[in-house]
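Visitor: Residue numbers (the numbering used here): 31 to 487.
For each residue, glycine too, the CB sits at the ideal point set by N, CA and C.
This is the structure I want to talk about, given as structure tokens.
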Ligand code: PFF
């Protein structure tokens, strides 16, 4: 059942893999979530904490996932089964596959909004906004409209499925090479515009001057949660992408690049957003509505606003697309590897499933009163799905992966996989301690914190 019948695809080049994996990592988490979480949690003090977690938890877990994948050359379930046969470890892989489809379902709803806003911006919907209330009303009406939200969800999943249908080198890698440079250029242009606005300095000062007074247990949990989500860790996305890496590539260096790009884009997104906010005299802690409510009212007042507004929502759309591609690929690789399905069949069924599962999230922003306030939990369906999958499942997944590599597979085997073909594994003793002790302890503490306080990231 689990012996692949055809020759497995591989990334055509090292840069192709780095761009695709960075595409998975760089997403709504960097450009939409990172700036508002930073705004709420003390600016640069939070950024500093975030970077520490990226280096101490993100890099080793990323390296572990990539090494598991490349070693086994299988999907997450098959990879755990190959390395630890006759054990319960494959269930960790299965949890990843299920989580991937679940996250894909609600992530694509928000991604659909970004695409809808791109169309709106192009059509001049944000011209002549007279107040922030008006902008907020446009957003509320948009997300309340069931037909629009479901249609954009459909469009987004169709685009995702189209890319994944092309396979690894002919689909995901090819598109990453087009979409990632586009993303870099858009981000650069928008950041240059933002930092040259009048009074941009106040925004830069807020963002870059650390306010350590705001750091508390909740901020620390947010920083770690954000780091894991942002790097696409804990659900086998990197095991899956790693399973297509050539044995010649240096895994440690590739993992380093992916983490570096992801962090850079998050930090630069802050440089793009805060100066613009301060320049217009707006509140930096605008919450999740920041990009959909606050920013449209800014573009309106800028010279060339339609161009920058549309550019911004196109940037979000592109970032989200390269992430949804990886979310879908996890389940597709699983069914192709384990059940010998044709890729086309796996893509159709899995994106169809994500569409159906995404409908309640699409309706949870006011279109349906039951879904916008679920009984018992008193949360909207989308928020609830994000707590369950984006908070608990990813964190538990990352914890189990660190334990697996630290204690079951072993640092020796990890190191052997990394150093294959004479590649170097710099700082091995340091990473061994980090994977075996620091990662599990830090992740358990954060899990207990969210469990006991109900403060989610
Ligand atoms: N890393 C993506 C982001 O920051 O938006 C989200 C994500 C993609 C999480 C893929 C998990 C994943 F497997």
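Exposed or buried, residue 222, counting other C-beta atoms within 10 Å across all chains shown (16 or more means buried)?
Guide: On the chain shown, position 192 is the one that residue 222 refers to. That one is exposed.
Visitor: Per the contact definition of three or more C-beta pairs closer than 8 angstroms, is the stretch 274-288 in contact with the stretch 206-219?
Guide: The stretch 206-219 is not in contact with the stretch 274-288.
Visitor: Ignore the nearest five residues each way along the sequence and tell me which others in residue 86's own chain have a CB closer than 7 angstroms to its CB.
Guide: The residue given as residue 86 occupies position 56 in the chain shown. 464, 468.
Visitor: By Cβ distance below 7 angstroms, which residues in the same chain neighbour residue 288 in space, the five residues on each side in sequence not counted?
Guide: Sequence index remark: in the chain shown, residue 288 carries index 258 (1-based). Same-chain partners within the cutoff: 48, 51, 52, 55, 92.
Visitor: Taking all protein chains shown into account, do 16 or more other C-beta atoms lie within 10 angstroms of the C-beta of residue 31, making it buried, or fewer, making it exposed?
Guide: Taking the first residue of the chain shown as 1, we reach residue 31 at position 1. With a pLDDT of only 49 at residue 31, under 50, the local geometry of the prediction cannot be trusted, and no value is derived from it.
Visitor: If you follow the alpha helix (DSSP H) that residue 66 is in, where does it begin and where does it stop?
Guide: In the chain shown, residue 66 corresponds to position 36, counting from 1. It spans 64-70 - the alpha helix (DSSP H) in which residue 66 sits, taken as one unbroken run.
Visitor: If you reduce the DSSP assignment to three classes, tell me which class residue 280 lands in.
Guide: Looking up residue 280 in the chain shown gives position 250. Of the three classes helix, strand and coil, the one that applies to residue 280 here is coil, per DSSP.
Visitor: Secondary structure at residue 367, three-state DSSP: helix, strand or coil?
Guide: Mapped onto the chain shown, residue 367 falls at position 337. Residue 367: helix per DSSP, three-state reduction.
Visitor: Could you give the distance in angstroms between the alpha-carbon of residue 421 and the alpha-carbon of residue 255?
Guide: Counting from 1 along the chain shown, the entry for residue 421 is found at position 391. Counting from 1 along the chain shown, the entry for residue 255 is found at position 225. In a straight line, the C-alpha of residue 421 is about 7 angstroms away from that of residue 255.
Visitor: In whole angstroms, what separates the C-alpha of residue 477 from that of residue 334?
Guide: Position 447 of the chain shown, counted from the start, is the residue given in the question as residue 477. Position 304 of the chain shown, counted from the start, is the residue given in the question as residue 334. Distance between the alpha carbons of residue 477 and residue 334 is about 46 angstroms.
Visitor: Could you compute how far the alpha carbon of residue 191 sits from the alpha carbon of residue 295?
Guide: For the purposes of this step, residue 191 is taken as the residue at position 161 of the chain shown. For the purposes of this step, residue 295 is taken as the residue at position 265 of the chain shown. The straight-line gap from Cα to Cα measures roughly 25 angstroms.
Visitor: Consider the C-beta atom of residue 51 and the heavy atoms of the ligand PFF; say whether any pair is separated by less than 7 angstroms.
Guide: Counting from 1 along the chain shown, the entry for residue 51 is found at position 21. Answer for residue 51: no, Cβ out of range of the ligand PFF.
Visitor: Going residue by residue through the stretch 329-391, where are the continuous alpha helix (DSSP H) segments of at least 4 residues, counting only ones entirely within it?
Guide: Complete alpha helix (DSSP H) runs here, min 4: 335-369.
Visitor: Let me make sure I understand the geometry here. Which of 82, 73, 482 has the alpha-carbon closest to that of residue 8?
Guide: Residue 8 lies beyond the range of the chain shown here (31 to 487); nothing can be said about it.
Visitor: Spatial neighbours of residue 78 within its chain, please: C-beta separation below 7 angstroms, excluding the five flanking residues on both sides.
Guide: In the chain shown, the residue the question calls residue 78 occupies position 48. Result list for residue 78: 240, in chain order.
Visitor: Please determine whether the Cβ atom of residue 380 lies at a distance below 7 angstroms from any heavy atom of the ligand PFF.
Guide: Walking along the chain shown from the start, residue 380 turns up at place 350. Residue 380 Cβ: outside cutoff for every heavy atom of the ligand PFF.
Visitor: Taking the CB atoms as reference points, tell me whether residue 412 and residue 136 lie closer together than 8 angstroms.
Guide: By 1-based counting over the chain shown, the position of residue 412 is 382. By 1-based counting over the chain shown, the position of residue 136 is 106. Cβ distance < 8 angstroms, so residue 412 and residue 136 count as in contact.
Visitor: For the alpha helix (DSSP H) holding residue 466, just list the boundary residues, first then last.
Guide: Against the chain shown, residue 466 aligns to sequence position 436. It is not in any alpha helix (DSSP H) - residue 466 carries neither H nor E in the DSSP assignment.
Visitor: When you compare each of 471, 165, 284, 353 to residue 140 by their alpha carbons, which one comes out closest?
Guide: Position 110 of the chain shown, counted from the first residue, corresponds to residue 140. Comparing Cα-Cα distances from residue 140 to each of 471, 165, 284, 353, the minimum goes to 353.
Visitor: Less than 8 angstroms between the CB atoms is what I'm expecting for residue 102 and residue 116, so what's the real figure, rounded?
Guide: Taking the first residue of the chain shown as 1, we reach residue 102 at position 72. Taking the first residue of the chain shown as 1, we reach residue 116 at position 86. About 15 angstroms; that fails the 8 angstroms criterion.
Visitor: Could you tell me which whole alpha helix (DSSP H) segments of length 4 or greater appear in the stretch 386-458?
Guide: Counting whole runs of 4 or more residues, the stretch 386-458 contains the alpha helix (DSSP H) stretches 399-402, 411-415, 424-433, 441-448.
Visitor: What number of angstroms, rounded off, separates the C-alpha of residue 203 from the C-alpha of residue 45?
Guide: If you number the chain shown from 1, residue 203 lands on position 173. If you number the chain shown from 1, residue 45 lands on position 15. Taking the straight line from one Cα to the other gives about 9 angstroms.
Visitor: What are the start and end residues of the alpha helix (DSSP H) that includes residue 165?
Guide: By 1-based counting over the chain shown, the position of residue 165 is 135. Here the alpha helix (DSSP H) through residue 165 covers 162-174.
Visitor: Going by other Cβ atoms of all chains shown within 10 Å of its Cβ, with 16 needed for buried, is residue 228 buried or exposed?
Guide: One-based indexing of the chain shown puts residue 228 at position 198. Exposed.
Visitor: May I ask whether a heavy atom of the ligand PFF can be found less than 7 angstroms away from the beta carbon of residue 259?
Guide: Residue 259 sits at position 229 when you count from the first residue of the chain shown. For the ligand PFF, at least one heavy atom lies less than 7 angstroms from the Cβ of residue 259.
Visitor: Residue 326 and residue 219: beta carbons closer than 8 angstroms?
Guide: Counting from 1 along the chain shown, the entry for residue 326 is found at position 296. Counting from 1 along the chain shown, the entry for residue 219 is found at position 189. Result no, Cβ atoms of residue 326 and residue 219 do not sit closer than 8 angstroms.
Visitor: How long is the line joining the alpha carbons of residue 438 and residue 444, rounded to whole angstroms?
Guide: The count along the chain shown starts at 1 and reaches residue 438 at position 408. The count along the chain shown starts at 1 and reaches residue 444 at position 414. Each residue's Cα considered, the two are about 11 angstroms apart.
Visitor: Extract the residue ranges of the alpha helix (DSSP H) inside the stretch 243-269, only unbroken runs of 4 or more that lie entirely within it.
Guide: With a minimum length of 4 residues, the continuous alpha helix (DSSP H) runs that stay inside the stretch 243-269 are 247-260.
Visitor: Under 7 angstroms: does the beta carbon of residue 133 sit that close to some heavy atom of the ligand PFF?
Guide: Stepping through the chain shown from its first residue, residue 133 is reached at position 103. Result yes, Cβ under 7 angstroms from the ligand PFF.
Visitor: Among 347, 452, 366, 154, which has the Cα closest to the Cα of residue 189?
Guide: The residue given as residue 189 occupies position 159 in the chain shown. Measuring from the Cα of residue 189, the nearest candidate turns out to be 347.
Visitor: Whose C-beta lies closer than 8 angstroms to the C-beta of residue 286 among residues of the same chain, with five residues either side of it excluded?
Guide: Residue mapping note: residue 286 aligns to position 256 of the chain shown, counting from 1. Around residue 286: 89.
Visitor: Quick check: is any heavy atom of the ligand PFF less than 7 angstroms from the C-beta of residue 357?
Guide: As a working mapping, residue 357 is identified with position 327 in the chain shown. Residue 357 Cβ: within cutoff of the ligand PFF.
Visitor: Just the C-alpha distance for residue 475 and residue 398, rounded to the nearest angstrom, thanks.
Guide: In the chain shown, residue 475 corresponds to position 445, counting from 1. In the chain shown, residue 398 corresponds to position 368, counting from 1. About 37 angstroms.
Visitor: Three or more C-beta pairs closer than 8 angstroms, one from the stretch 309-328 and one from the stretch 161-171: is that the case here?
Guide: Touching, yes.
Visitor: Should residue 265 be counted as a contact of the ligand PFF given a C-beta to heavy atom distance under 7 angstroms?
Guide: The count along the chain shown starts at 1 and reaches residue 265 at position 235. Yes.
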